[in-house]
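A.B. asks: With the working numbering, you'll find the sequence shown wraps up at 96, consecutive numbering, no jumps. Backbone N, C-alpha and C fix where the C-beta goes; we use that ideal spot for every residue, glycine too.
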Amino acid sequence: MSAKYAFTKTLKEVRFLFCHTGEGSAATRTFLTRAYPTMKKNNPFTPILLREASGTLPKVYARYDFGKEQSKSLEGMTDKQIEEAVTQLVKSEAAA
Numbered sequence: 001m002s003a004k005y006a007f008t009k010t011l012k013e014v015r016f017l018f019c020h021t022g023e024g025s026a027a028t029r030t031f032l033t034r035a036y037p038t039m040k041k042n043n044p045f046t047p048i049l050l051r052e053a054s055g056t057l058p059k060v061y062a063r064y065d066f067g068k069e070q071s072k073s074l075e076g077m078t079d080k081q082i083e084e085a086v087t088q089l090v091k092s093e094a095a096a
């Protein structure tokens, strides 16, 4: 699991948006409770931002070099699907 969260060098920031009480964000909260310590331990100098706001749909953003940004909706995903989506974003080089 630790190699899964070794971020690419071009990744500058990961940002999670979710509702702190909503049922739609439950899997995101579970994922972050489990995976955040590992992500931060493996990437101590990359900001991992958690943004909680009432009524917000769960989404993850990855910001790379030169201001390039990718996002992925986490709505309706399970913990495992969220893990796969986040892994895909943090390993991407954002070439597009």
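1) Quick check: the stretch 47–66 against the stretch 15–25, are there 3 or more CB pairs under 8 Å?
2) Please specify which runs of the beta strand (DSSP E), each continuous and at least 3 residues long, are wholly inside the stretch 64–90, giving them in chain order.
3) Using only alpha-carbon positions, find the residue among Y5, D79 and S92 that is nearest to K68.
4) Which residues mark the beginning and the end of the beta strand (DSSP E) in which L114 is found?
5) May I have the straight-line CA-CA distance separating S73 from T8, to the nearest angstrom?
C.D. replies: Reading from the atomic positions:
1) yes
2) 69–73
3) S92
4) The structure shown does not extend to residue 114, since the chain is modelled only from 1 through 96, so no value can be given for it.
5) 21 Å
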